[in-house]
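Read the structure below first, then the notes.
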Amino acid sequence: MFWASASVAGKFGLQSAEPLVLFTTRFLLAGIILLAYVSFIDKSRLPKGGEWKQLTLFGILNTTLYLGLFVIALQFITPGITSLAIALNPLFISILSAIWMRRRVRLQEWISIAIGIAGVVLTAYPLFATSYATFSGMILLALSMLAYSAGAVYYAAVPWTLSRTTINAWQVFIGGLLLVPFALALHKHENHFDLTFWGSIAWLVIPVSIIAVQLWLRLLKRDAVHASMWLYLCPIFGFLYSNLLLDEPLTIFTYIGTALVMVALYVGQRKSKT
18 MFWASASVAG
28 KFGLQSAEPL
38 VLFTTRFLLA
48 GIILLAYVSF
58 IDKSRLPKGG
68 EWKQLTLFGI
78 LNTTLYLGLF
88 VIALQFITPG
98 ITSLAIALNP
108 LFISILSAIW
118 MRRRVRLQEW
128 ISIAIGIAGV
138 VLTAYPLFAT
148 SYATFSGMIL
158 LALSMLAYSA
168 GAVYYAAVPW
178 TLSRTTINAW
188 QVFIGGLLLV
198 PFALALHKHE
208 NHFDLTFWGS
218 IAWLVIPVSI
228 IAVQLWLRLL
238 KRDAVHASMW
248 LYLCPIFGFL
258 YSNLLLDEPL
268 TIFTYIGTAL
278 VMVALYVGQR
288 KSKT
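Shown next as structure tokens:
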């Protein structure tokens with residue numbers, strides 16, 4: 018639910034600020050809060066040696082590339098379309114997992130992926146005729162999803178000895194720092210640091226960057242492919258949020274697609290128990 022709300026919160030934030038200014042502020046603030054927690058409350062150790070390289074690579078994939086490209090794409094497409102793209106991540110994760118981790122994707126997983134994709138495509142079908150979208154926006158979104166999936170598989174493959182909170186704190190902060198030069202170089206319009214901006218930042222930092230990411234990393238360490246099955250819920254909540262807050266329509270396609278998504282989740286999660 019928190020994850021699916023990010024697109025809508027980002028859309029509100031874009032009313033006040035440029036995309037990279039919005040998300041760079043989000044990442045740096047979330048990173049500072051998390052680093053303060055792990056340093057003074059959790060008293061976790063600092064990364065050492067090769068862990069810095071691992072954290073930097075994870076931060077590049079999971080924050081700089083994924084969310085940097087994502088928020089730029091959000092200027093040209095609606096939250097409903099971004100929700101559809103999030104649901105395609107299981108396919109990317111399955112393929113990359115098989116290549117990187119030599120993990121064979123079983124038939125039941127392919128079936129659940131196929132059902133889930135069919136469900137979200139059906140749910141989004143009416144929006145393609147009414148939603149504002151550009152080819153460049155869709156390409157940027159696809160690249161961001163690919164970076165995200167690569168980050169998910171990489172995280173699951175690394176034998177981390179740091180805590181999840183420490184990993185999240187450093188990868189968000191490093192990823193945010195790496196976005197700063199791009200935010201400065203691409204600056205074109207005036208930014209307004211008003212209530213809309215800070216309201217968007219507050220939601221993106223606490224429920225999304227801190228709470229939702231912590232839960233996601235916990236699922237990833239169990240199994241990247243089965244964890245990705247839960248992403249099928251993102252379009253459902255994404256379309257609901259878009260309808261309530263941005264007036265995107267809900268149709269019979271939405272309800273049929275929702276049913277298919279639930280079936281996909283059942284098939285994928287049942288396989289994880291056998």
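Per the working numbering, the sequence shown runs over residues 18 to 291. Note that beta-carbon positions come from the ideal geometry of N, C-alpha and C, so glycine has one too.
Alpha carbon to alpha carbon, what distance is there between residue j and residue i?
i: GLY216; j: PHE29; result: 9 Å
i: PHE59; j: GLU126; result: Sequence check: residue 59 is Asp here, not Phe. Straight-line Cα distance between these residues: approximately 38 Å.
i: PHE109; j: GLU265; result: 27 Å
i: CYS251; j: ALA102; result: 10 Å
i: THR271; j: ILE156; result: 24 Å
i: LEU329; j: THR275; result: Outside the modelled stretch of the chain, which goes from 18 to 291, sits residue 329, for which no answer is possible.
i: GLY352; j: GLY193; result: The chain is shown from 18 up to 291; residue 352 falls before or after that span and cannot be answered.
i: LYS290; j: MET162; result: With a pLDDT of only 47 at LYS290, under the threshold of 50, the placement of this residue in the model should not be trusted; the figure read from the coordinates follows. Straight-line Cα distance between these residues: approximately 27 Å.
i: ILE223; j: LEU158; result: 24 Å
i: THR151; j: ARG235; result: 35 Å
i: PRO198; j: THR183; result: 24 Å
i: GLY97; j: VAL280; result: 21 Å
i: ARG62; j: ILE218; result: 28 Å
Within the same chain, show all residues whose beta-carbon is closer than 6 Å to that of residue i, passing over the 5 residues directly before and after it, in chain order.
i: VAL175; result: GLN71
i: ALA34; result: ASN208, PHE214
i: ARG120; result: SER114
Keeping to the same chain, check which residues put their C-beta closer than 8 Å to that of residue i; ignore five residues upstream and five downstream.
i: VAL38; result: ALA200, HIS204, ASN208
i: LEU78; result: ALA164, TYR165, ALA167, GLY168, TYR171
i: VAL189; result: PHE44, ALA47, GLY48, LEU51, GLY76, THR80, SER226, VAL230
i: LEU282; result: SER129, GLY133, MET246, TRP247, TYR249, LEU250
i: LEU196; result: LEU37, PHE40, THR41, PHE44, THR80, THR81, GLY85
Tell me which residues share the same chain as residue i and place their Cβ nearer than 7 Å to its Cβ, disregarding the 5 neighbours each side in the sequence.
i: GLY285; result: GLU126, SER129, HIS243, MET246
i: GLN32; result: THR213
i: MET18; result: PHE254
The stretch 202-222 / the stretch 161-169 touching (three or more Cβ pairs under 8 Å): no
Three CB pairs or more closer than 8 Å across the stretch 21-37 and the stretch 84-95: yes
Stretch pair the stretch 101-116 + the stretch 131-146: three plus CB contacts closer than 8 Å: yes
Segment contact, 8 Å Cβ cut-off, at least three pairs: the stretch 244-263 with the stretch 66-81: no
Whole runs of the alpha helix (DSSP H) within the stretch 42-96, excluding any shorter than 4 residues: 68-76, 83-90
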